[in-house]
Structure formats: structure tokens, C-alpha cells
Amino acid sequence: MREVAIVAFGQSHHRRDSAEVSEVEMLMPVLHQVLDAVGLRAGEIDFTCSGSSDYLAGRAFSFTMALDGVGAWPPISESHVEMDGAWALYEAWTRLLTGEADTALVYSYGKSSPGDLREVLTRQLDPYYVAPLWPDSVSLAALQAQALLDAEDAEDTGADERALAAVAARSRTAAEDNPHAQVTGSPPPETLLDDPYLVRPLRRHDCPPVGDGAAAVVLAAGDTARRLCRRPAWIRGMDHRTEAHSLGVRDLTRSPSTRLAAERAGAFEAPADLAELHAPFTSQELILRRELGLGEGVRVNPSGGALAANPMMAAGLIRLGEAAAAIHRGAADRALAHATSGPCLQQNLVAVLEGDVL
Amino acid sequence: MTPAPSPEVLQAPLVVEFPFTRSLGPVQSAFLTGLRERTVLGVRTTDGRVLVPPVEYDPVTADELSDLVEVAPTGTVTTWAWNPASRRGQPLDTPFAWVLVRLDGADTALLHALDAPGPDAVRTGMRVRIRWAEERVGAITDIACFEPYDGAEGGEAVPHSGEFTDPVTGIVAPARLDYTYAPGRAQSRYLKALGDRTTQGERCPSCRKVYVPPRGACPTCGVATDEQVEVGPRGTVTTFCIVNIKARNLDIEVPYVYAHIALDGAGLALHGRVGGIPYDQVRMGLRVEPVWSEDSRYPDHYRPTGEPDADYDTYKELL
């Protein structure tokens, strides 16, 4: 099997509103950041893959506008997923594994500010039985959180409202060291519990900020990766799984798709020292920790995670990028990265990244 | 509080609205027709579970399912969330609880709204029943909502033929999303200049090409185009077509000519209608200028300037 690594990662400063720039204007500096990091020009990349959503932009084929930012003329080898960029990265990874390409540029972006995100996300739901009720994304996450709080094993997972607030406080305090984060700093969990509910049992701190942002990574295979990056973040395994569409069929307190994806990615073969989890809601971090078997020794979301910045379609790719960047700078040797998409952790992707021992 | 965008950037409301027309398969048709008749149907899986709402394929085994059963209109809340502010399109106008309800006789839960006086009146495990909508059409909204219920528990699921007179075979699901569209810096500058009846392109710092309308990036070089260049107003027809189909809501007599027009100084051609000349006399190389109608924010069409035609070599790269 070919070795493939993430060799560069860049992201925008995620913000509530970026009306002054178009998608491509927001994305382009991030593309330049990663290409500069590896000393490649756009035309020298073998394969380009992107993730975004027309429903965020309110326009059909919106990704074609962003292609201007990568220099798509003369024609390039290009693909797009209508999902988080983590899935674009998966496609690019498989392309590199086939040997058809040595380098790939993966990017994703989303501007939530033009629309009402909670309403926009209802359009990804079952159009016959669910979408006509317009259940918004926060409410669906609240159903999952309440299920976790009520579960018979809630004491085992430590799932109570204080535990949820502790996830928020830890994430947003960690984000103080992340210059890209949208929300940083937090009062202690006890103080957070004084806040009113947004959609009970979720308070504002249990929910991700709504914002705009972009991210990009460069993948490279084998010796090309070693040439482009001092310490490549080798992708040792990656897998993604999905669960039944209907929420009422699933046990919302568990995420079997995450566990299976992790198993297939090799996550349980050796302990990781860092995990970047895409858990937009606090309760989801508790669910993911259990499925991934993460003990106290694993640093979870030192970037602040999705609770500090959750640009739609980019936040999952950012988890892979943050995990890789920690390996690049020697702050981690073996890291897990997780991305999710859809309501209540419907689809989940897990990657295992490692750095060479120097 | 959202910070106000910088003043040079334009914004406008954008509404995306569409009545999605969806056809139903046999299982979904039976379920939604059943709701119209106040009958809740599920489907039995090959391993004996009852799925409500029913699906045509088993989410675990992928077996095709068609064994319909009827379940009770009463059930148990498996999880809930208190929604203090109803949003557009949601089942109730007042504060309510979202609930997943496992109807008596079913093994899975249905998502809907629960009408309750407040969050303290809701808990997991509470008993509820369907409140039917007065007018029912064969849609999930035929269930108006759930309401608290303290009567007897419904029994096991019983077989049902799924046959109704006049079954619904499709639904129309209207969808509307409201956006505030902001075209970004480059396109805002272009649109503002058009307001002054000038056309602004932007030059790529790398390949020197002038893009019009500018989008802020050079698609060849992948870099920002930030040097503004006024182009036109005159230009050259590089290629054209003759339109013989009358567009709805468009007050233009056919046939007419739609052309690619390279404005003087621009590195690529834009689109425009050519008027003021018989349609069969339009030609490549024809020199044209914009014609503005009153209050228009863009040229209505382009007309011949009377200059000699441009030499092919001057526009051959702009076809």
C-alpha cells in the first residue's frame, strides 16, 4: 500500500459574518497558505477535490465559482463532494492510493451568514416524514442530548448537564491558543449552568457558533511527501460509515458508525496521544469519547474543536488538519481525527495519523 | 449581534422557494394515505420488528419490506427537547416539545411535536397520543401534534392490507429559505460602477488579463485580481447567435442576436444583446456600444458604433 500524508494545512479566521468577501475571496488566501507551505503552484497539483454546499450559498453549482481560486485553467483534474471537506479528503486519499496522483489539494468552505443555518440544515432531512415539520438542527441535537442524559448508563458516561458545560468550558478555554477560533474563553462550568436553555436541555454553550470559514490541506504520497514536509502526517487508515436516516430507528446515545469507522481505520491498534473530534454539540463529544475509547491520557480538541468554530463543510476537514498540524510540529505522534456530517452524528469519518519517529 | 458589513459591499435579499413534488412508493403511499384516514401504519421487518414510520428497505439488512401493520395512535416519549420559540413551518405556533414517540405496537420512534404547557410537563417515558389535523391530505402534517394521554395502552401491531380508496401517490413539499446575498468585494465594485454607467474590470497581477465582470480571482493563476481597470464602453462582437425562441416574461421580438462582446481593454468577452441593426447583418468584428434605458442598472443592449469592423487578429484570443 502506498503511503499518503497530509503535508500542509491552512484555515481562515472563522467569523460570524464575512459579507465583505465572496466565497472565493474568503477561500483564496487559505489556498495560497497551503500551496506556499509546500512550494507548489496550483498547476503543479495532480488532483483537486473540494467540499461545500449549495444550500449554504443559496445557489446551484456554487462550487464552480470557488474553482476560480485554484486556477482551473488550463483544465485540471478536479472533483467535488456536497459534504464536509473531510469526505473530499477521503476521495483524494483514495486517488493517491491508486497511484494516479502524487499530490492533491483538498479544500472546503462554507458561509452560514447569508441564511438561517438552523432552517437551511432542515433541507438535509428525510423529505417525506421529517423535513415538512422543519425541525431545526439545534432541536435535533437537543433530542440526542436528552436521550444521553436519560440513558440508563448515564452515570457511566458521566452525562449530566454539568459534564456538558465542562466540555464547553474546556473547549473554549483551549481555543484561547487558536488564533483562528471564533469563540474563545469561557466562565467555569458552574457559571455556565446559570444560563437559560436555548432548546432544553441545550444551552447556548452546548451549541457551536454559527460562522463562515474555509480550510485546505495538501496531500502527498511517499517520497514526495518527505520532500514537501519535514514531518509528514501519514494517514495510516481512514474509513467512513453512515447510519440509518431515520432518527427514531437509531439509539441516539451511541454512534456505532464512529466505532466501526475507527476500527476499520486501525484506531484501536495503538493508543493515540491526541484526538480532534468533530462534535458540534457538547453531548456529542461524550458519545464520541465512549465509542473511540478515549481515556484521560488523550488530549481531546486542543484546538477548541467545533464548539469554538464550526464553519459548515470545513469543520470536519479542520479536525484532520489540526491533527496533522500537531504531528507536523512534533506536538503529537499518533492522532485520531474525526469528522461528522448530518443530524445527530449521522455520518462519521475517522482517520489515524502518525508522524515518523525523528 | 452581527457586525455591520463594510459600506462598500452590496447586500440584497435572496429568496429560494420551490414546491418539491415527490412521488411515493407503495409503503410511503400506504402510510401517508393511512394518516389521512386516521390510521397509523408501520412495516414489519423480516426479523419481526415493526418500523413506524415505515420504510421500503430495512435499514439494517436492506431487505425489501412490504408487510404492513397497523399500530395504535398512542405511544411513549423516548426523548424530547423543549423548543421555547416556534420557528416558521413548525407544527405548532406556541412553545412546544420536539418528541420521538414509540407508538404502541412499534419498535421505532416517530419525530413530531408535543403540545404541552411547559418543559416541566414533559419527560421521557410519558404517555402521549396523536392529535389529528382537522383537514388531512395524506402528509406527515396530518398529525397536528401529540398531546399528553393517560388512557390505556394500545395493543400489538395487527396486519393491515394497506389498501385505501383514492390513495395518495405523491406529496408537494413547499420549501422556502431566505438569504441575504452579498456578492463580495469585486462584484460589489463592478455593480456600483455599473450604477454610474461605467464598466470596471480587474487585472490579474500575474497574467495581466483583465476580467469583466470580475469575481476577485484569476481562474488561470488562482490569485486575487485587485487592480481595477475601466473597460469599454465600446467593444467588438466576437461571436454571436440568432435567437428564435421567445422567452417568457421577456419583451423582445424574435429573432434577435445575442452576442459575446469584448469591451475595449477587457481580457474576455461578456454577453449582451445586439440591437439597432437587422439581425442578419450582425457579424464577427462588428463594433458596438452600450445603450442604457432610463433607470436601468445595466446596458439594455449594444448597438453598432458605425466604426469599421475590427480586424480578426485583435479579438481572436477573446472568442
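Protein chains in written order, with this note's numbering: chain S, 1 to 358; chain B, 1 to 319.
Glycine residues also receive a C-beta, built at the ideal position from the N, C-alpha and C atoms.
Practice problem: Compare the C-beta of residue 93 of chain B against all C-beta atoms of chain S and say whether one is closer than 8 angstroms. | Solution: no
Quiz item: Closer than 7 angstroms, Cβ to any Cβ of chain B: which residues of the region 134-155 of chain S, in chain order?
Solution: Under the 7 angstroms Cβ criterion, the region 134-155 of chain S contributes 134, 135, 136, 139, 142, 143, 146, 147, 150.
Exercise. Please name the residues in the region 211-242 of chain B whose beta-carbon is closer than 8 angstroms to at least one beta-carbon of chain S, in chain order.
Key: Of all residues in the region 211-242 of chain B, the ones placed with a Cβ closer than 8 angstroms to any Cβ belonging to chain S are 215, 216, 217, 218, 219, 220, 221, 222, 223, 224, in chain order.
Quiz item: Given residue 149 of chain B, which residues of its chain have a CB within under 6 angstroms of its CB, disregarding the five upstream and five downstream residues?
Solution: 74, 127, 128, 129
Self-check item: Residue-chain proximity (residue 197 of chain S, chain B), Cβ-Cβ < 8 angstroms
Solution: yes
Quiz item: Do you know how far the Cα of residue 134 of chain S is from the Cα of residue 102 of chain S?
Solution: 44 angstroms
Quiz item: Taking residue 124 of chain S as the reference, which of S:351, S:357, S:347, S:353 has the closest Cα?
Solution: S:347
Quiz prompt | Length at least 3, wholly inside the region 211-293 of chain B: the beta strand (DSSP E) runs in chain order | solution = Runs found: 227-231, 235-243, 256-263, 270-274, 287-291.
Quiz item: Of all the CB atoms in chain S, is at least one closer than 8 angstroms to the CB of residue 146 of chain B?
Solution: no
Quiz prompt | Residue range of the unbroken beta strand (DSSP E) whose run includes residue 190 of chain B | solution = Segment 184-195 is the alpha helix (DSSP H) holding residue 190 of chain B; no beta strand (DSSP E) there.
Exercise. Quick one: which unbroken alpha helix (DSSP H) runs of 4-plus residues sit fully inside the region 91-143 of chain S? Chain order, please.
Key: Taking only runs of at least 4 residues, the alpha helix (DSSP H) segments lying wholly in the region 91-143 of chain S are 117-120.
Quiz item: Would you report the Cα separation of residue 53 of chain B and residue 170 of chain S, rounded to the nearest angstrom?
Solution: 39 angstroms
Self-check item: Complete beta strand (DSSP E) runs within the region 17-86 of chain S (minimum length 3 residues, chain order)
Solution: Fully enclosed beta strand (DSSP E) runs of 3 or longer: 47-51, 78-81.
Quiz prompt | Minimum Cβ-Cβ distance from residue 96 of chain B to chain S less than 8 angstroms | solution = no
Exercise. Could you name the residues of the region 27-61 of chain S whose beta carbon sits closer than 7 angstroms to any beta carbon of chain B, in the order they occur along the chain?
Key: The residues in question are 28, 31, 42, 58.
Quiz item: Between the C-alpha atoms of residue 136 of chain B and residue 167 of chain B, what's the straight-line distance to the nearest angstrom?
Solution: 13 angstroms
Quiz prompt | Neighbour list for residue 25 of chain S in chain B, Cβ cutoff strictly below 9 angstroms | solution = 184, 185, 186, 215, 216, 217, 224
Practice problem: Would you check if the distance between the CB atom of residue 109 of chain S and the CB atom of residue 27 of chain S is smaller than 8 angstroms? | Solution: yes
Exercise. Please name the residue, chosen from B:276, B:318, B:280, B:309, that lies closest to residue 300 of chain B on a Cα-to-Cα basis.
Key: B:276
Quiz prompt | Short-range partners of chain S found in the region 162-180 of chain B, where Cβ spacing is below 8 angstroms | solution = Taking 8 angstroms as the cut-off between beta carbons, the residues of the region 162-180 of chain B near chain S are 171, 173, 175, 177, 178, 179, 180, in sequence order.
Self-check item: Listed by chain order, chain B residues near residue 19 of chain S by CB distance under 7 angstroms
Solution: Chain order gives the chain B residues near residue 19 of chain S as 5, 9, 11, 182, where near means a beta carbon separation below 7 angstroms.
Quiz item: DSSP three-state call for residue 147 of chain B: helix, strand or coil?
Solution: strand
Quiz item: Hey, is residue 132 of chain B's beta-carbon within less than 8 angstroms of any beta-carbon in chain S?
Solution: No, because no Cβ of chain S sits closer than 8 angstroms to the Cβ of residue 132 of chain B.
Quiz prompt | Any C-beta of chain S under 8 angstroms from that of residue 18 of chain B | solution = Look at residue 18 of chain B: its C-beta is not under 8 angstroms from any C-beta on chain S.
Quiz prompt | residue 235 of chain S - partner residues in DSSP beta bridges | solution = S:353
Quiz item: So, is the C-beta of residue 129 of chain S closer than 8 angstroms to a C-beta in chain B?
Solution: yes
Exercise. Using a threshold of 8 angstroms, state whether the C-beta atoms of residue 80 of chain S and residue 233 of chain S are closer than that.
Key: Between residue 80 of chain S and residue 233 of chain S, the C-beta gap is not smaller than 8 angstroms, which leaves the two residues out of contact.
Quiz prompt | Entirely enclosed beta strand (DSSP E) segments - the region 189-235 of chain S, minimum 3 residues | solution = Whole beta strand (DSSP E) segments, 3+ residues: 197-199, 212-221.
Quiz item: Is the Cβ of residue 69 of chain S closer than 8 angstroms to any Cβ of chain B?
Solution: yes
Quiz item: What is the DSSP secondary structure of residue 245 of chain S, reduced to helix, strand or coil?
Solution: Residue state, collapsed to three classes: coil.
Quiz item: If we count Cβ pairs, one from each stretch, closer than 8 angstroms, do we get three or more for the region 262-279 of chain S versus the region 318-334 of chain S?
Solution: yes
Exercise. Find the residues of chain S that neighbour residue 255 of chain B, judging by a C-beta separation of less than 7 angstroms, and give them in chain order.
Key: Here the premise fails: no neighbours, minimum Cβ distance about 29 angstroms.
Practice problem: Examine chain S for any beta-carbon lying closer than 8 angstroms to the beta-carbon of residue 319 of chain B, and answer yes or no. | Solution: no
Exercise. Check residue 264 of chain S in the structure and name its three-state DSSP category.
Key: helix
Quiz prompt | For residue 51 of chain B and residue 130 of chain S, the rounded distance between their alpha carbons | solution = C-alpha separation (whole angstroms): 15 angstroms.
Exercise. Can you give me, in chain order, the residues of the region 297-323 of chain S that have a beta carbon less than 9 angstroms from any beta carbon in chain B?
Key: none
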